[in-house]
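>
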Amino acid sequence: MSTLEVSPDEPLSGQSGHSVVNDFSIQVATVNGSGSQTANSVLMRAIFQMGVPVSGKNMFPSNIAGLPTWFTIRASRHGYIGRRKEIDFLVAMNPETAREDVMNLESGAAVVYDEPLKLSELRSDVYFYPVPFDKLVAPVCPEAKLRKLVRNMIYDGVVAQLLAVEMDEVHKALVKQFGKRKAKAAELNWGACKAGFDYAARSFTKSDPYRVARMNATAGKIIVDGNSACALGAMFAGVTVVTWYPITPSSSLVESLIGYMKRFRHDPETGKATYAIVQAEDELASIGMALGAGWAGARSMTATAGPGISLMSEFVGLGYYAEIPAVIFNVERVGPSTGLPTRTQQGDLLSTALLSHGDTKHPMFFPSSCEECFSMAIDAFDFAERFQTPVFVMTDLDLGMNNWMADPFPYPEKPIRRGKVLTAEDLDKIGGFARYKDVDGDGVGYRTLPGTNHPAASYFTRGSGHNEKAQYTEREDDYIHNMDRLAHKFEAMRRHVPEPVVRMAEKARIGFVALGTSDYAVRESCDQLKSEYDIDASYLRLRAYPFTDRLQDFIRRHERVYVVDQNRDAQLLGLMRLEFDADLIARLRSLRYYGGLPLDARTVTDEVLKQEGK
Amino acid sequence: MSSTVTPPPRKMNRLGLEVLQYKGSKTTLCAGCGHNSVSERIVECFYELGVNPYTVAKFSGIGCSSKSPAYFLGLSHGFNSVHGRMPSIATGALLANATLLGIGVTGDGDTASIGIGQFMHLVRRNLPMIYVIENNGVYGLTKGQFSATADVGSTLKTGVHNELPPFDCCALALKWGATFVARSFSGDKRQLQAILKAAIAHHGLSVIDVISPCVTFNDHEGSTKSYAYMKEHEEVLQELDFVPAFEDITVEIPEGEVLDVQMHDGSHLRIRKLHRDFNPTDRLATLAALEDAEAKEEVLTGVLYVNTSKPTFLELLNLGDAPIATLPESKVRPPKAALDEAMDELR
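Chains as they are written, first to last, in the working numbering: chain Z, 40 to 653; chain L, 494 to 840.
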């Protein structure tokens with residue numbers, strides 16, 4: 040693999056002779072609040088426009104300005120878009136972290152750095168390209184107070200020159216980034232970019248092996264973040280009530296949704312909104328409003344992260360017990376407590392599955408890509424109304440906030456299904472109904488909406504004990520009957536959740552089970568295990584909880600199955616323990632990473648080798 | 494609902510419904526509980542005004558008071574939610590269907606203790622609904638602990654003194670945005686009726702704090718929420734007369750003595766001053782009067798504030814007339830061209 044191609048043991052001198060094309064990581068180390076995000080997006084997009092598969096990962100602090108931040112762009116001709124641990128090409132702009140960043144590099148890496156940082160004396164086994172950013176920025180940006188922002192665009196030019204990124208594509212990306220309304224700013228930044236390019240062209244002799252070459256692997260694709268993809272899904276699902284409380288990393292989901300709804304969800308004739316979006320006073324209120332709206336017949340949703348999930352616990356129990364549809368997007372971050380608010384984890388699997396007191400369990404959907412964020416958001420709304428219960432769409436900070444290459448989303452083909460709702464006309468025909476009676480055998484009763492103009496329509500919703508007619512009861516038999524029906528309903532859900540995606544490797548004795556963003560690392564790890572160690576591994580990617588029978592089949596067909604968890608306590612494995620027999624559990628191995636960064640393939644591969652005793 | 498009433502001719506309201514059809518299931522609260530009187534007033538008012546019960550949604554939190562929506566308007570949907578958080582449920586339901594007439598019933602624990610946050614935000618939003626606080630200063634279901642509306646110096650049955658000042662829910666509602674604020678006493682049938690009717694007609698948030706004695710845990714000497722205390726300390730501000738829109742106004746209003754407030758639906762609330770100069774359209778003066786009354790250990794009852802011009806929260810959202818909850822797919826799923834446009838921008 041790429042890292043093995045370049046590993047000079049000797050001190051470097053001049054041309055390495057190797058060439059690494061479209062298979063490396065660029066890391067830009069800056070200070071947050073310095074406007075580097077624009078420069079990073081432009082660079083990533085320019086490579087993408089050259090047809091090379093890319094991914095961008097922003098590792099940023101929970102802070103507005105002044106703390107270190109790292110942006111990693113991975114170019115991969117193989118199409119691997121998960122995180123790569125090793126950094127091949129560093130742009131060191133942050134004096135605070137520059138030395139450590141350089142010392143962490145593998146031998147043979149390249150460094151573009153701000154000249155006054157004097158980094159070249161640190162090591163002799165990496166390639167250094169010093170750039171006098173301050174000297175270059177002054178002539179292209181006469182206005183001194185803008186220099187701090189424009190300065191970063193210089194490294195785009197330098198990197199483009201060194202990596203052979205086409206400047207036409209950089210320009211196109213830059214114009215797109217700034218949009219028509221900021222043409223002046225685009226002009227200014229383009230000047231800086233060119234200054235960087237020219238400086239590199241006349242000052243450096245290319246000595247590192249990394250470069251970009253045009254491919255045709257991104258044609259027609261889009262670049263999008265998972266939060267925007269969820270937002271688009273919600274809009275096309277016909278969401279009508281959105282209630283939320285800002286929290287990293289879910290805020291941009293609703294903010295993106297607000298932007299789209301303003302454009303696409305006003306009645307063209309009247310200009311009236313076909314939706315309501317309310318920023319609530321806290322997560323208690325946002326879930327309360329979502330449930331109130333779901334009860335009154337809206338397609339309602341909220342979006343949050345771990346601390347919000349904790350706060351929503353009581354209401355979600357009500358939603359479960361009173362059987363009210365709502366969709367909750369949980370963009371997971373690192374817990375417990377405030378934890379690491381800007382780092383990623385799959386740390387809410389157990390708490391979400393069983394959220395609230397008493398016997399409760401909730402369906403969860405696990406998108407692993409932006410395409411699935413879109414499609415599963417739509418499915419989740421149908422599912423919530425079909426089964427009259429809160430549904431969680433579980434993403435994480437990596438998927439939600441980072442930029443991903445994706446296929447354009449297909450327009451939903453299936454009509455919107457609103458579940459078992461009786462109208463006044465229905466009631467005329469059938470005379471009456473019992474809200475919690477299992478008429479169809481799927482555990483799901485029929486409901487009416489407040490405002491239904493019929494004497495038989497009303498019922499009383501409560502979180503206290505209730506019988507089939509929704510009347511208050513403390514009777515033992517009523518309680519057990521109701522709880523058993525809810526359990527039966529959960530079993531019915533099992534037959535309707537999205538099925539896992541299975542890749543069986545012939546002769547494989549081991550397998551992986553993973554979900555969400557672990558997918559990228561696991562798929563790449565399967566390839567690493569095969570190409571580097573000749574180990575075959577099958578892979579089942581879960582797409583929902585409750586699990587379906589396919590998971591048990593998969594486990595039975597392998598001697599050992601590595602359950603990949605991005606959390607300390609093996610929560611996914613824990614969920615399996617709750618329902619699987621001991622002989623199945625005995626086949627499971629836990630593979631965990633919980634450092635807060637997106638999981639990378641090498642970590643997975645190394646851990647499998649260790650546990651396999653290789 | 495079936496009715497077994499036999500002739501002489503049934504009494505019906507303008508919708509052709511009988512009072513029985515506005516009742517709910519049998520109360521399980523204590524005999525003599527003030528909350529039962531409030532439920533009865535709600536039944537009467539909705540019946541007399543001929544409100545279509547199918548358009549009403551009832552909300553409550555947790556506590557004795559919050560049980561009571563089961564005891565009135567049995568033909569309306571009801572939602573007994575979680576402790577202190579009924580406002581968010583009601584907000585969501587009214588967002589989904591802005592044509593509903595929302596009525597929430599809560600208590601002093603539900604509103605002023607655990608629910609003070611959601612209460613304040615409900616007030617701040619001026620959500621159009623009726624919010625009745627059945628205020629007895631004490632927790633009944635957990636057997637008699639103080640709530641946050643208990644007065645300084647009042648005592649529990651066990652003799653425990655309350656040392657912390659009370660929240661005055663009316664003052665809070667006034668200060669932060671409710672547009673109809675009233676205080677009443679569960680024992681004052683006439684006053685409470687007029688206030689409830691005005692609240693039904695009001696377009697905006699109506700906060701009605703009803704002193705509603707707990708006969709089991711807070712009706713003893715030393716309580717400031719007892720029947721006896723109210724008899725001694727209630728200061729009735731006005732004589733209230735509600736004239737619904739469907740009735741002809743025939744009586745001339747004498748100049749200067751009566752404040753005639755035209756409500757959103759065309760009905761009129763006539764407020765005749767009693768002993769003191771009090772103007773329920775002057776927010777700051779009312780706040781001062783409440784402060785003053787507290788110092789004098791008086792409980793002012795009547796309409797404390799009314800403002801018929803402030804826009805409601807739902808009006809700020811630019812919604813159409815039809816409930817958004819049940820808009821057809823053609824209205825809530827944008828066309829393929831919209832998705833294409835969004836995709837193009839991301840290329």
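Each residue gets a CB set at the ideal place from its N, CA and C atoms; glycine is no exception.
Any idea if N143 of chain Z is buried or exposed, counting beta-carbon neighbours within 10 angstroms, 16 or more meaning buried?
The residue is exposed, with fewer than 16 neighbouring Cβ atoms inside 10 Å.
> Which residues share a DSSP beta bridge with F639 of chain L?
According to DSSP, F639 of chain L bridges with L:V631.
> Enumerate in chain order the residues of its own chain whose CB-to-CB distance from N545 of chain L is below 8 Å, with the five nearest sequence positions on each side excluded.
Closer than 8 Å at the Cβ level, and outside the excluded window around N545 of chain L, lie L508.
> Is the Cβ-Cβ distance between L767 of chain L and V729 of chain L less than 8 Å?
In this structure, V729 of chain L lies closer than 8 Å to L767 of chain L by Cβ.
> With a 10 Å radius around its C-beta and 16 neighbouring C-beta atoms as the bar for buried, classify T500 of chain Z as buried or exposed.
With 16 or more other Cβ atoms within 10 Å, it is buried.
> In whole angstroms, give me the CA-to-CA distance for F472 of chain Z and E563 of chain Z.
Cα to Cα, F472 of chain Z sits roughly 54 Å from E563 of chain Z.
> Could you give the distance in angstroms between the alpha-carbon of V163 of chain Z and the alpha-carbon of A149 of chain Z?
According to the sequence displayed, residue 163 of chain Z carries Ser and not Val. Approximately 11 Å between the Cα atoms of the pair.
> Residue range of the beta strand (DSSP E) that A445 of chain Z falls in?
Start and end: 442-445.
> Among Z:G95, Z:A319, Z:A131, which one has its Cα closest to the Cα of I582 of chain L?
Among Z:G95, Z:A319, Z:A131, the Cα nearest to that of I582 of chain L belongs to Z:A319.
> Report the residues of the region 322-347 of chain Z with a CB closer than 9 Å to any CB of chain L, ordered along the chain.
From the region 322-347 of chain Z, only L323, A324, S325, I326, G327, M328, A329, L330, G331, A332, G333, W334, A335, G336, A337, R338, S339 have a Cβ closer than 9 Å to chain L.
> Would the region 194-203 of chain Z count as touching the region 233-246 of chain Z if we require 3 or more Cβ pairs under 8 Å?
Short answer: they touch.
> So what does DSSP say about S530 of chain L, is it helix, strand or coil?
S530 of chain L: helix per DSSP, three-state reduction.
> From the beta carbon of A312 of chain Z, is the nearest beta carbon of chain L less than 8 Å away?
Closer than 8 Å to some Cβ of chain L, the Cβ of A312 of chain Z qualifies, so yes.
> Check E725 of chain L in the structure and name its three-state DSSP category.
Reduced to three states, the DSSP call for E725 of chain L is helix.
> Taking Cβ-Cβ distances below 8 Å as the criterion, which residues of the region 482-498 of chain Z are in contact with chain C?
The displayed structure is made up of protein chains Z and L, and chain C is not among them.
> With distances taken between CB atoms, is the gap from Y547 of chain L to H396 of chain Z smaller than 8 Å?
No, the Cβ-Cβ distance between Y547 of chain L and H396 of chain Z is not below 8 Å.
> Are the CB atoms of F405 of chain Z and L579 of chain Z nearer to each other than 8 Å?
No, these two residues do not count as a Cβ contact at 8 Å.
> Taking the C-alpha atoms as reference points, what is the distance between F217 of chain Z and A224 of chain Z?
About 7 Å.
> Quick one: Cα of S64 of chain Z to Cα of T111 of chain Z, how far?
Rounded to whole angstroms, S64 of chain Z to T111 of chain Z spans 7 Å at the Cα level.
> Looking at the unbroken beta strand (DSSP E) that takes in I65 of chain Z, where does it start and where does it end?
Unbroken beta strand (DSSP E) run through I65 of chain Z: 62-70.
> Please report whether the beta-carbon of T238 of chain Z lies at a distance below 8 Å from any beta-carbon of chain L.
First, the residue type needs correcting, since residue 238 of chain Z is Tyr and not Thr in the sequence shown. With 8 Å as the cut-off, Y238 of chain Z does not count as an interface residue toward chain L.
> Please report the distance separating the alpha-carbon of L323 of chain Z from that of V603 of chain Z.
So the two alpha carbons sit approximately 32 Å from each other.
> Which residues of chain L have a Cβ atom closer than 8 Å to the Cβ of D306 of chain Z, listed in chain order?
In chain order: G813, K824.
> Going by the CB atoms, is the gap between C707 of chain L and N629 of chain L shorter than 8 Å?
Yes.
> What is the C-beta distance between Y601 of chain Z and R628 of chain Z, in whole angstroms, given that I count them as a contact (C-beta under 8 Å)?
About 5 Å separates the two Cβ atoms, so the contact holds.
> So with Cβ pairs under 8 Å, would you call N573 of chain L a contact of chain Z?
Yes, N573 of chain L counts as interfacial toward chain Z.
> Cα separation between G556 of chain L and R617 of chain L?
Distance between the alpha carbons of G556 of chain L and R617 of chain L is about 24 Å.
> According to DSSP, D21 of chain Z sits in a beta bridge with which residue or residues?
With chain Z running from 40 to 653 in the structure shown, residue 21 of chain Z is simply not present.
> At the 8 Å Cβ level, is T399 of chain Z part of the contact set with chain L, yes or no?
So, not an interface residue.
> Against chain Z, which members of the region 774-789 of chain L pass a CB distance test of less than 9 Å?
Residues: none.
> Can you say whether N772 of chain L is buried or exposed, counting buried as having 16 or more other CB atoms within 10 angstroms of its CB?
That one is exposed.
> Taking the beta strand (DSSP E) that D153 of chain Z belongs to, which residues open and close that run?
First-last of the beta strand (DSSP E) with D153 of chain Z: 149-153.
> Look at G813 of chain L and K311 of chain Z and say whether their C-beta atoms are less than 8 Å apart.
Going by C-beta atoms, G813 of chain L is nearer than 8 Å to K311 of chain Z.
> Return no unless some Cβ of chain Z is closer than 8 Å to the Cβ of I817 of chain L.
It does: the Cβ of I817 of chain L has a partner Cβ on chain Z nearer than 8 Å.
> Of all Cβ atoms in chain L, is any one closer than 8 Å to the Cβ of P364 of chain Z?
Cβ-Cβ to chain L under 8 Å: no for P364 of chain Z.
> Can you list, in chain order, the residues of its chain whose CB lies under 6 Å from that of I609 of chain L, leaving out five sequence neighbours each side?
Cβ within range, chain order: n/a, list empty.
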